[in-house]
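Visitor: Attaching a single structure in structure tokens format; questions to follow.
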Amino acid sequence: MKLYRYLTGPDDVAFCKRVTAALNRGWQLAGDPTLTYDSVKGRVICGQAIVKDVPDVDYSDDVVLSDY
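Letter by letter, the sequence shown follows residues 1 to 68 in UniProt numbering.
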């Protein structure tokens with residue numbers, strides 16, 4: 001089964017830590033990164049889609065991404 005996640009971070013440091021942690025757990029970057037401006041908080045939010053192939057796992061509502 002292929003799992004998809006979209007990571008975001010309120011700043012470059014937090015975002016880089018999340019992406020690094022995901023890459024260390026076997027996730028891969030997918031697509032282009034995004035930058036979104038949060039006008040309420042006055043800051044840019046970084047984002048990136050990630051994907052991971054998980055063998056021998058079929059889709060189920062019981063599958064929790066944090067397990068992978």
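For glycine and all other residues, C-beta sits at the position ideal for the given N, C-alpha and C.
Between the alpha carbons of Asp-56 and Pro-33, how many angstroms are there, rounded?
Guide: Straight-line Cα distance between these residues: approximately 29 Å.
Visitor: Below 8 Å on the Cβ atoms is my contact criterion, and I expect Val-51 with Ala-30 to pass it. Report the Cβ-Cβ distance as a whole number of Å.
Guide: Yes, they are in contact, since the Cβ atoms of Val-51 and Ala-30 sit about 4 Å apart, within 8 Å.
Visitor: So Asp-53 and Lys-2 are in contact, right, with Cβ under 8 Å, and what is the actual spacing, rounded?
Guide: Indeed they touch by this definition, with Cβ atoms about 5 Å apart.
Visitor: Along the chain, where does the beta strand (DSSP E) that runs through Arg-5 open and close?
Guide: That run of the beta strand (DSSP E) goes 2-9.
Visitor: Report the three-state DSSP secondary structure of Asp-38 (helix, strand or coil).
Guide: Three-state DSSP puts Asp-38 in a strand.
Visitor: Classify Leu-23 as buried or exposed, calling it buried when 16 or more other Cβ atoms lie within 10 Å of its own Cβ.
Guide: The residue in question, Leu-23, is exposed, as its Cβ has fewer than 16 Cβ neighbours within 10 Å.
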